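Residue numbers (our numbering): 534 to 637.
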C-alpha cells in the first residue's frame, strides 16, 4: 500500500517504512500526522482525492532535524567585474512513515 501526501508545497510517494526529508516541522520529536492525502493505492483499489482524501491519514515519527547542503547562487556580469556569491542552507526534518490509516 502506498499514498501520495502533500506537505510544505511538495508531494511525496510514501509507504510504510519510507524515510522522507520534508521542510522543517515545528515539533521537536514524536509522532506526526499528515492529513493532506492526495491518493491511496493498495490491494487492487485506488482512491484519488479531489483535492484530498479526508478518510485517510498518514502517521510518521520524526527521526531528526538537520540542515541541507549549501546551494550556491553565483551571479556574474561580463566586462564590469561584478560578481556576487550567495549561499543558502534549508532547514529540513527527517520523517519515517509508520502507517497509512483510514479514518472512519
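All C-beta atoms, glycine included, are put in the ideal place defined by N, C-alpha and C.
Everything numeric in this text was worked out from a predicted model, so none of it was measured.
Out of 544, 637, 559, which one is the CA nearest neighbour of residue 595? 559
Where does residue 536 land, buried or exposed, given buried means 16+ other C-beta within 10 angstroms? buried
If distances are taken between C-alpha atoms only, which option among 555, 574, 550 comes closest to residue 631? 550
Rounded to whole angstroms, what's the CA-CA distance from residue 598 to residue 612? Just pull it up for me. 43 Å
Just checking my contact of residue 600 with residue 583 at CB under 8 Å: how many whole Å lie between their CB atoms? About 36 Å; that fails the 8 Å criterion.
Given a threshold of 16 other Cβ atoms within 10 Å of its Cβ, counted over all protein chains shown, does residue 605 qualify as buried or as exposed? exposed
For residue 622, which residues does DSSP report across the bridge? Answer is none; residue 622 lacks a bridge partner.
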